[in-house]
Amino acid sequence: MPVPTGSFTFRFAVGTVLILVSLWNSAALVHAQVNGRIAAGGVQRYRAGHWGLVAGAFYNTSEDDETVTTVVTPNGSSGAQFIRSLVVPAGSVRQTAWPVRLDDDSPDAFEFHLLTLLGDSDSQEIVDGTGGDFTDSFLSSNPASHNLLLTGYCGLISTRTESPEVATAIEKLQMRARAAAQLETMMLQFGPEKLHGYAEALEPLDQLLISSPDLPQYPEACDAVRAWIQRGGRVLFLLDQCGSATVNAILGEALPISIVDKTTPMEVPFKHDAAVMHPGMSDLSHVRNFEEPVSLTRAVFETGRVHFSVRDWPALVEAPFGRGSVFVSMVSPEAMLNADSGNGLDAIATPIVESLFLTPQPEPILPNESLAAASEKRIGYEIPSRGFAILVLSVFTLLVGGLGYLASKRQRPALLLLGIPLLSVVAAGPGIIKGIASRSVAPPTIIESRVAVLGDGQSTFAADGAATIYQPSVGQTSVDLPTHTLLYPTSKGAAGMQQRYVWSDTGNSKWTNFSQPAGATTYQQRSFVSLPEPMSALAEFGADGVEITLANTEQLQPEDLILASLSPDKMALQPQATGQYSAGPTDVLAPGEVSRETLLSESQIMHGRLMQTALHEIDRLSRFPQIPSVLFWTHALPPTVQLVDMAPRTDSLCLVALPLRLQIPPADGLITIPTTFMPYRAIQDIDGSVSAAYTNRSAKWLARETGGASLLQFEVPDVCQPFDFESAEVQFRVLAGSRTITLQSGSPDDFKLVETLDSPVGNFTFAIPGDVLNAGPKDGNFLLRISVSEIDGADSSDFTSSERDDDWKIERVLVTVRGRRTSASTSNKKTEANE
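Just so we're aligned, residue 0 is where the sequence shown starts under numbering that gives the first Met the number 0, counting upward by one.
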């Protein structure tokens, strides 16, 4: 049972009482020789609009095996039933857990109604609950949150091996981080055995800390944590407590780690490495002196981004994993506390608070609406051909003409008043028959459209999205779902639809009594995919661009591959005879393009539309992808949704984002870094202002009427640094008639003029010499300052907005740099960032 670590507060006192009440009032089924108890499972909390777990323990004292079925119905869930049917061997105890889903409504407490049957899910033999009632219920608390985006708990996976001092420090770290993010103190502590292998067990959480060194002994729990992170979870590993085995068991090749030794210093000089890489960031470097020694684990990482280091050893490392984010702390928890700071946290905890506690889990990459529209077009309704329409129209014209000739000959115009409506009905008959027939042309069809963001070197990954089921007529059947696959209606489609999910001992589930209206209906889908071998992508910079090596691609047979990153510009991958792919400056795609091919198939057009939605969805809080990745489509994933007693046509489509591992180029060799690997962002200008023409969140340029300046920082990949620039080519597309644009580069203290454009409209290309670039910040990055003047000529007040368009807009900035990495890494104790 999870222990609310802040139980001394009134909120958690109330929560504890509710949990005790729920355990007391949980379904205690009573039978002659079978009894058991059902209560909240997993982390024993729930969250509105999310999945969770229910757990049960069943006791069979008889000499025969018994089948027991429990039906759980969340109160207010439109009657959805979540059922577990299991065989309890003679004279033994069975413990189990299965998923349940809560509606979007957020009551004061979640109530679950229970019904227990002897036999399978079709049994009618109801087992009496306590007090002679046929049904029972249990409650789970639902603490309120004023933050609409962050409403979950902060969890800690622990096996209680920490010392009392460390346990207290972890508790304070959680509490103070939540307070710094202005979140309620909602904390849970639980062991890995509580997860039962379901990622859904972690859905009530917004953040997760891991201190358990025993987690590798629970492979199913590792799978659950891994899937939860891939779907957008945020995790902090406390390395001095959990050890490298726990990190490797979950992340594997995504963040390889080797521990060298442990030290216990009293003076700790924290160096803010991230501030060195990004000059616009405040430098949080500082020295801490502790009264008692603190633990510092010295470890070597092959990938990841170092936020802080101590004497050149990483102290805090971040790595992306799927859609989630992972931090690994090499210092003990008490080193991240600082009673002298305003929030009680040391500066080293700042990135943790910003990423884990202030950032909500990401929205879907492709909205269900977009997936549903694409799926319905692929189902295959038969539309009458153009020839059929011409034939019907021609026959109707001939008949009307003949009727008119007859009326003219007989001089009886009244024939037209009666004959034309009659002929119209006759001519419409074939169309009506054809339309009715078209409803039965497409057979029962299931279209699965999913998105998967892989972790580096992972062979198992979450693939979520939508499944569209087409049925020509109304009928009742069952839907078979393999292990860890969930299918459920959208929020709008849940009303009036019977939902009865049954989990069996095999781990598979079934949606029984499944019925939907005739036509196509789209459902939300979750699935988990396992490949025989992990896929990986390695990028190597060369003189002409980048070479990409994909491993084990034959498993997914990728189509329409492109390179994407935080840069707004994407690149097409060109296959080579060697089996590799290449991409250079000429492979940059125009806005709106996803392929360099001239003639596109219908499938490629559909891929392109969905890709544009994925890359440019404006409602998301974060851009996609967050790190350089190969994006491709695959139809090779096996379908996971099956209609029982039917042989539906199936099609599976998945957008896959495979992260790139950037290889360190040889020192002093000339390399070309294409624009996709040169993301940029607007930073604070020398006068303290920030560009109003470019938005970092959406990576879009905005139309402006008044002049202004935009200072852009272009980031050279970390694996290429330290970097000596030879030159940079800037391609610039702008609409700024009657204005003057100046472009400068170099150091903020001494910008050099690069180009002046008078009344520019269209595309412009210019070069920046290496000496100007190298005079800039000494971090391998460079700055480009774009200044736009006010309108030339007459005062704009002489004209109304309807007489003249005064807006200017930069539409595109592409930068390709050439140069050399000047030396090998200064120390093998530092990591090379993989982004």
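Even for Gly, the Cβ is constructed at its ideal location relative to N, Cα and C.
(request) Would you check if the distance between the CB atom of Val42 and the CB atom of Ala176 is smaller than 8 angstroms? (result) Val42 is not a Cβ neighbour of Ala176, given a cutoff of 8 angstroms.
(request) Quick one: residues in its chain with C-beta nearer than 7 angstroms to the C-beta of Ser490, no 5 flanking neighbours on either side, listed in chain order? (result) Asp103, listed in sequence order.
(message) Using DSSP's beta-bridge definition, name the partner residues of Phe513.
(response) Residue pairing of Phe513 in beta bridges, as defined by DSSP: Thr476.
(message) Taking the straight line between their C-alpha atoms, what separation do you get for Arg817 and Thr95?
(response) Using only the alpha carbons, I get a separation of about 59 angstroms.
(message) According to DSSP, simplified to helix, strand and coil, what is Arg304?
(response) Correct three-state label for Arg304: strand.
(message) On the CB-based measure, 16 or more other CB atoms within 10 Å of its CB, does Leu453 come out buried or exposed?
(response) Buried is the call here.
(request) Identify the continuous alpha helix (DSSP H) that holds Pro163 and give its terminal residues. (result) Looking at the DSSP string, the run of the alpha helix (DSSP H) that includes Pro163 is Pro163 to Ala179.
(message) To the nearest angstrom, how far is the alpha carbon of Ser690 from that of Trp807?
(response) C-alpha separation (whole angstroms): 14 angstroms.
(request) Quick one: residues in its chain with C-beta nearer than 8 angstroms to the C-beta of Arg819, no 5 flanking neighbours on either side, listed in chain order? (result) Non-local C-beta neighbours of Arg819 in its own chain, meaning closer than 8 angstroms and more than five positions away in sequence, comprise Ala666, Asp667, Gly668, Leu669, Ile670, Phe722, Asp723 and Glu725, ordered along the chain.
(request) For Ser257, I'd like the list of residues in its chain whose CB is within less than 6 angstroms of its CB, leaving aside the five on either flank, ordered along the chain. (result) The residues are Val299.
(request) Ignore the nearest five residues each way along the sequence and tell me which others in Pro567's own chain have a CB closer than 7 angstroms to its CB. (result) Around Pro567: Ala698.
(request) Express the C-alpha separation of Asp345 and Asp282 in angstroms, rounding to a whole number. (result) Taking the straight line joining both Cα atoms gives about 14 angstroms.
(request) Report the rounded CA-to-CA distance for Thr821 versus Gln720, giving the unit in angstroms. (result) Rounded to whole angstroms, Thr821 to Gln720 spans 8 angstroms at the Cα level.
(request) Check whether the Cβ atoms of Thr66 and Ser91 sit closer than 8 angstroms, and answer yes or no. (result) Contact flag unset, no.
(message) Is the separation between the beta-carbon of Arg660 and that of Ser508 shorter than 8 angstroms?
(response) Their beta carbons are not under 8 angstroms apart, which means Arg660 does not touch Ser508 by this criterion.
(message) Counting beta carbon pairs with one atom in the segment 59-75 and one in the segment 227-234, are three or more of them shorter than 8 angstroms?
(response) Taking one beta carbon from each stretch, the segment 227-234 and the segment 59-75 have fewer than 3 pairs nearer than 8 angstroms; the two do not touch.
(request) Report the three-state DSSP secondary structure of Ser77 (helix, strand or coil). (result) DSSP places Ser77 in coil when its eight states are reduced to three.
(request) Tell me where the alpha helix (DSSP H) around Met185 begins and ends. (result) Counting along the chain, Met185 falls outside any alpha helix (DSSP H), and DSSP gives it neither H nor E.
(message) Taking the beta carbon of Leu208 as the centre, do at least 16 other beta carbons fall within 10 Å, making it buried, or is it exposed?
(response) By the 10 Å Cβ count, Leu208 comes out buried.
(request) Using the Cα positions of Leu642 and Arg449, report the straight-line distance between them to the nearest angstrom. (result) Counting only the Cα atoms, Arg449 lies some 19 angstroms from Leu642.
(message) Buried or exposed, going by whether 16 or more other CB atoms sit within 10 Å of the CB of His606?
(response) Buried, since its Cβ has 16 or more Cβ neighbours within 10 Å.
(message) Buried or exposed, going by whether 16 or more other CB atoms sit within 10 Å of the CB of Tyr679?
(response) So Tyr679 counts as buried.
(request) Could you check what DSSP says for Met570 in three-state terms: helix, strand or coil? (result) Reduced to three states, the DSSP call for Met570 is strand.
(request) From the DSSP output, in three-state form, read off Ser758 for me. (result) Three-state DSSP puts Ser758 in coil, outside helix and strand.
(message) On the DSSP letters alone, give me the boundaries of the beta strand (DSSP E) that Lys491 sits inside.
(response) Run containing Lys491: none; DSSP gives neither H nor E here.
(request) Label Thr799 either buried or exposed according to how many other C-beta atoms from any shown protein chain fall within 10 Å of its C-beta, with 16 as the threshold for buried. (result) For Thr799, the predicted structure reports a pLDDT of 45, less than 50, and the residue's modelled location is therefore unreliable. A value from the coordinates is still provided. Residue environment: Thr799 is assigned as exposed (fewer than 16 neighbouring CB atoms within 10 Å of its CB, all protein chains considered).
(message) Does Glu553 pass the burial test, meaning 16 or more other C-beta atoms within 10 Å, or should it be called exposed?
(response) Counting of Cβ neighbours within 10 angstroms places Glu553 among the exposed residues, the total staying below 16.
(request) Provide the residue span of the beta strand (DSSP E) that contains Leu113, from first to last. (result) Note, Leu113: beta strand (DSSP E), Ala108 to Leu117.
(request) Can you give me the start and stop residues for the alpha helix (DSSP H) that Gly343 sits inside? (result) Boundaries for Gly343: no alpha helix (DSSP H) harbours it, and the DSSP string shows neither H nor E there.
(request) Following the continuous beta strand (DSSP E) through Lys376, name the residue where it begins and the one where it ends. (result) No beta strand (DSSP E) contains Lys376, which is instead part of the alpha helix (DSSP H) from Asn367 to Ile378.
(message) List, from N- to C-terminal side, the beta strand (DSSP E) runs of 3 residues or more that fit wholly inside the segment 574-633.
(response) The qualifying runs are 580-582 and 628-633.
(request) Report the residue from Phe713, Pro658, Glu62 and Gly583 whose alpha carbon sits nearest the alpha carbon of Ala89. (result) Looking only at Phe713, Pro658, Glu62 and Gly583, the smallest Cα-Cα distance to Ala89 is reached by Glu62.
(request) May I ask you to list the residues that DSSP assigns as paired with Arg680? (result) BP columns for Arg680 point to Gln712.
(request) Let me know the secondary structure DSSP gives Asn288 once reduced to three states. (result) Three-state DSSP puts Asn288 in a strand.
(message) Taking only three categories from DSSP, how would you classify Val501?
(response) In the structure shown, Val501 adopts extended strand secondary structure according to DSSP, grouped into three states.
(request) Give the single residue among Leu201, Asp770, Phe236 and Thr633 whose Cα lies nearest to the Cα of Gln360. (result) Nearest option by C-alpha distance: Leu201.
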